[in-house]
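Visitor: First residue of the sequence shown? That's 263 in the working numbering, and the numbers climb one at a time after it.
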Amino acid sequence: MAIDKRKTPDINAGSQADIAFLLLIFFLVATTMNTDTGLVRMLPPMPPEDVQQENIKVKERNLFLVLISGSGNIMAGTSGNQEIIDIHQLKNKTKEFILNPMDDENLPEKMDETFDLPDGSKWTYPVSQGVVSLQTTRDTGYQSYIMVQNELTRAFNEVRDEVSMRKFGNKFSELTEEQRSVVSKAIPLKISEAEPRNIKK
């Protein structure tokens, strides 16, 4: 009996490689990935180990308390005058605290400070002594924390923009490095973050 010695034809796999490559490209383009968000902060240098740290005392009127609960509720205001507010109200309340436009005795004190301008002249500005104290609970959500931080930072940035426009005629981001340094000293970013605390239910 004769044996058929013909070989089975090979399958052309070239087209399969092309299809796999196209599918890979499709998933790379169509797939969305969550990106971690963060905050840009210049941290102060670590103090020398042999230097004893002093507790900084702040007057009640100079302290703006912001508490984020585990459920995402926000309480904000000066000591004894805190109230639950919406996230969209936080920026304006913070700006009012920083500026204290009516010189309210329940809002931060201002101290006149003189700065050297790049052109050699002097500029005196009433610098707010206010400090924003951000507090969280141990079950505060990361998203709520980031949203509150963004609103607080926006408040300081808008105040800097307003002062920059009045003094130099440009927004803060458009100033020279020397001008930005002066405005940053006049409107310091004072956000203190207390250690998370437990709240009894």
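Think of the CB as a built atom: it goes at the ideal place given N, C-alpha and C, for glycine as much as any other residue. Small disclaimer: the values here were computed from a predicted structure and weren't measured.
For the alpha helix (DSSP H) containing F377, name the first residue and the last one.
Guide: Unbroken run through F377 is the beta strand (DSSP E), 372-378; no alpha helix (DSSP H).
Visitor: Please classify L327: does DSSP put it in a helix, a strand, or coil?
Guide: Strand.
Visitor: Helix, strand or coil: which one does DSSP assign to A282?
Guide: It is helical.
Visitor: Buried or exposed, going by whether 16 or more other CB atoms sit within 10 Å of the CB of W383?
Guide: The amino acid occupying residue 383 in the given sequence is Ser; Trp does not appear at that position. By the 10 Å Cβ count, S383 comes out exposed.
Visitor: Could you tell me which uninterrupted alpha helix (DSSP H) segments, each at least 4 residues in length, are contained entirely in the region 332-370, listed from first to last along the chain?
Guide: Taking only runs of at least 4 residues, the alpha helix (DSSP H) segments lying wholly in the region 332-370 are 349-361.
Visitor: Report the option in E322, I330, K321, T294 whose CA atom is closest to the CA atom of Q405.
Guide: Here the closest residue by C-alpha is I330.
Visitor: Is the Cβ-Cβ distance between L396 and I453 less than 8 Å?
Guide: Yes, Cβ-Cβ distance for L396 and I453 is below 8 Å.
Visitor: Using beta-carbon positions only, say whether Q344 and L325 come within less than 8 Å of one another.
Guide: Taking 8 Å as the Cβ cut-off, Q344 and L325 do not qualify as a contacting pair.
Visitor: Do the region 385-395 and the region 360-376 touch if we need at least three Cβ pairs shorter than 8 Å?
Guide: Because the criterion of three Cβ pairs below 8 Å is met, the region 385-395 and the region 360-376 touch.
Visitor: Figure out for me which residue from L451, L286, L379, D280 has the closest Cα to the Cα of K429.
Guide: Measuring from the Cα of K429, the nearest candidate turns out to be L379.
Visitor: Measuring straight from C-alpha to C-alpha, what distance separates A279 and F288?
Guide: So the alpha carbons of these two residues sit roughly 14 Å apart.
Visitor: Quick check on T415: does DSSP put it in helix, strand or coil?
Guide: Helix at T415.
Visitor: In the DSSP output, which residue or residues are listed as bridge partners for K384?
Guide: In DSSP, K384 forms a bridge with D378.
Visitor: Between R323, T402, R422, G339, which lies nearest to K372 when the distance is taken from Cα to Cα?
Guide: Per the Cα distances, R323.
Visitor: Could you name the residues of the same chain whose beta carbon sits closer than 8 Å to that of N368, not counting the 5 residues immediately before and after it, in chain order?
Guide: Taken in chain order, the residues that qualify are R323, T340, N343.
Visitor: Going by beta-carbon coordinates alone, are I346 and M409 separated by less than 8 Å?
Guide: Contact flag unset, no.
Visitor: Could you say which of T415, A456, E455 lies nearest to S446 if we only look at CA atoms?
Guide: Taking only the C-alpha atoms, the option nearest S446 is T415.
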